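The letter at position 37 of the sequence shown is residue 36 when you use numbering that gives the first Met the number 0, and the numbering goes up by one with no holes.
Here the structure comes first, spelled out in structure tokens, and everything after it is commentary.
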Amino acid sequence: MLYVVPTPIGNLEDITLRALRILREAKIVLAEDTRTSRKLLDHYQITTPLRAFHAFNEHAVVEKIADELAAGADMALVSDAGTPGISDPGFLLVRACVRRGVKVECLPGPTAFVPALVASGLPCDTFHFEGFLPHKKGRQTRLRWLAELPHTFVLYESPHRLVRCLDELAAVCGPDRPACVARELSKLHEEVKTAPLNALHAHFTAKEVKGEIVVVVGGKP
Ligand code: SAM
């Protein structure tokens, strides 16, 4: 069995009782960064061995891990924060397990885009999750495609690219399009600001932008 285990995106209390039990009972915890996950496991006095599973070795090790799982080892997969597979390694391993008939359970738990979307006040009945935009090639094409969506869409963005991103969004969606920047969710300096794109641009241009960021944009009216 492979257990996909979401971990906190900022507040260590955001982990379920079942997640803690699975992390304790698994034979191995596959981790994006073993040092980051060791801190989490230490906090909860969990001594399960950790093994590196990250974007740089994912392709190389996925078949071997799927073989071990098929042979009967229970493993848990975690990323540095949130749900593995969501803008994080995980998809290739889950796919390899599904193809081999290895059972996969993904526990419900933390991920950044859900609280950002819900707290934004923008329609969340139908939405598109984009994750990170390409930095260079294909970025403008993707932005123009997103601008035409009739429903809310969600982006992950780094703090040093936020102002540029808001500027680009205003250019393709129009400056009045409602949007939201959700920053440092579940942390001490959490900020969720919903306003037209041009107002968000002005707000975040006026100060140094720090922390982790989700951008939510309303659909084309
Ligand atoms: N697997 C994670 C998830 O389930 O959301 C996402 C991992 S991705 C590598 C990291 C990005 O998620 C950050 O750059 C930011 O866009 C977003 N993110 C993660 N934690 C966040 C937080 N506490 N507040 C706002 N955004 C966050």
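Even glycine gets a Cβ: it sits at the ideal position worked out from N, Cα and C.
Just so we're clear, the structure is a prediction, and the values are computed from it rather than from any experiment.
| Check | Outcome |
| --- | --- |
| If we call anything under 8 Å between Cβ atoms a contact, is P109 one with P220? | no |
| So, with DSSP's three-state summary, where would you put H134? | coil |
| For a test of the three-state rule: what should DSSP assign to K192, helix, strand or coil? | strand |
| Give a yes or no on whether the minimum CB-CB distance between A59 and chain C is below 8 Å. | No chain C is part of this structure, which consists of one protein chain only. |
| Give me the Cα-Cα distance between L145 and L121, rounded to the nearest whole angstrom. | 16 Å |
| Hey, would you say the C-beta of D87 is under 7 Å away from at least one heavy atom of ligand 1? | yes |
| How big is the Cα-Cα spacing for K206 and A72? | 50 Å |
| What is the DSSP secondary structure of V208, counted as helix, strand or coil? | coil |
| If you check the beta carbons only, do S119 and D13 fall under 8 Å apart? | no |
| Considering only the alpha carbon of each residue, which of A25, S157, P149 and P133 lies closest to R176? | P149 |
| Does the beta carbon of K192 fall short of 7 Å from some heavy atom of ligand 1? | no |
| Once the 5 residues before and after L92 are set aside, which same chain residues still bring their CB inside 8 Å of it? | L1, L29, F52, E57, V61, I64, A65 and L76 |
| Taking 8 Å as the threshold (C-beta atoms), are P158 and P226 in contact? | Past the boundaries of the shown model lies residue 226; the chain is included only from 0 to 220, so the question cannot be answered. |
| Less than 7 Å separating the Cβ of F112 from some heavy atom of ligand 1? | yes |
| Report the three-state DSSP secondary structure of E104 (helix, strand or coil). | strand |
| Per the DSSP calculation, V215 is bridged to which residue(s)? | V153 and C179 |
| Could you tell me the distance, in whole angstroms, from the CA atom of V117 to the CA atom of E31? | 27 Å |
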